[in-house]
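See below for the structure under consideration.
Residue numbers (the working numbering): 10 to 250.
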């Protein structure tokens, strides 16, 4: 894992030097702030946390994560670059972790730019800062889970438009899974429906967004990240072989 920091810094520099990154971050922040104030009715209630804003994160990530994922393997999208990468003394695990951690760092920096909202709510009301911290952590974990899935898509499909489309479609399918299962309530045992719904990342995040950051939900997101990164690493090894 000696080369992991090098890969991480290189990928993070690629993100920070790309105008597309700043465009994506700006659109995420502007849309989230607008939705929180006007649809989430942040100022009309008596909020103690940032639920008015974080409730929209699962839906905003459906576009934000696929967008930044198109930059995740940008250097490996052409055949010559892929051939060159395969000859480097870098393991598939180092390559996967380095790129994933760089993208996850961009997500963390994006969430950090929401800090003015924390100042606003502490000024306006008796804020529940422990719940707010849980909401930030939960959102970051959700972004990590979606990113880990995107990593797998990126090593299977090299075209940026295809990567965006596949990632968006599958994340949207996952996010709407609970609604589909609700319609099948009378067609299958309730315990089967409940078990499948509990696997929905959006449902897990909703519990955290409500102020319930539990070890169970945290373990779920971490396990999901590990599973998809493992699949990505195995796929890279298979392609190299």
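Even for Gly, the Cβ is constructed at its ideal location relative to N, Cα and C.
Going by beta carbon distance, what residues of the same chain come within less than 7 Å of residue i, once the five residues before and after it are set aside?
{"i": "residue 135", "result": "57"}
{"i": "residue 27", "result": "80"}
{"i": "residue 46", "result": "52"}
Within a Cβ cutoff of 8 Å, which residues of the same chain sit near residue i, ignoring the five residues on either side of it in sequence?
{"i": "residue 261", "result": "With the chain represented from 10 up to 250, any question about residue 261 goes unanswered, as that position is not in the structure."}
For the candidate residues the options, whose alpha-carbon lies nearest to that of residue i?
{"i": "residue 23", "options": "239, 80, 110", "result": "80"}
{"i": "residue 161", "options": "105, 120, 137", "result": "105"}
{"i": "residue 127", "options": "143, 116, 18", "result": "143"}
{"i": "residue 36", "options": "21, 71, 19", "result": "71"}
{"i": "residue 1", "options": "59, 246, 181", "result": "Outside the shown range of the chain, which is 10 to 250, sits residue 1, and nothing can be said about it."}
{"i": "residue 5", "options": "224, 12, 121", "result": "Look at the range of the chain in this structure, 10 to 250, and you will see that residue 5 is not part of it."}
{"i": "residue 121", "options": "133, 145, 229", "result": "145"}
Report yes if the CB atom of residue i is closer than 9 Å to the CB atom of residue j, and no otherwise.
{"i": "residue 158", "j": "residue 177", "result": "no"}
{"i": "residue 242", "j": "residue 102", "result": "yes"}
{"i": "residue 76", "j": "residue 154", "result": "no"}
{"i": "residue 73", "j": "residue 119", "result": "yes"}
{"i": "residue 231", "j": "residue 223", "result": "no"}
Measuring straight from C-alpha to C-alpha, what distance separates residue i and residue j?
{"i": "residue 235", "j": "residue 209", "result": "16 Å"}
{"i": "residue 43", "j": "residue 51", "result": "10 Å"}
{"i": "residue 147", "j": "residue 156", "result": "14 Å"}
{"i": "residue 17", "j": "residue 54", "result": "42 Å"}
{"i": "residue 99", "j": "residue 10", "result": "9 Å"}
{"i": "residue 213", "j": "residue 137", "result": "20 Å"}
{"i": "residue 49", "j": "residue 117", "result": "23 Å"}
{"i": "residue 19", "j": "residue 125", "result": "29 Å"}
{"i": "residue 170", "j": "residue 163", "result": "11 Å"}
{"i": "residue 150", "j": "residue 219", "result": "15 Å"}
{"i": "residue 239", "j": "residue 141", "result": "31 Å"}
{"i": "residue 139", "j": "residue 21", "result": "30 Å"}
{"i": "residue 182", "j": "residue 211", "result": "11 Å"}
Tell me which residues share the same chain as residue i and place their Cβ nearer than 6 Å to its Cβ, disregarding the 5 neighbours each side in the sequence.
{"i": "residue 93", "result": "Any reading at residue 93 must be qualified, since the residue scores a pLDDT of 47, below 50, and its modelled position is unreliable; no value is offered."}
{"i": "residue 110", "result": "17"}
{"i": "residue 82", "result": "163"}
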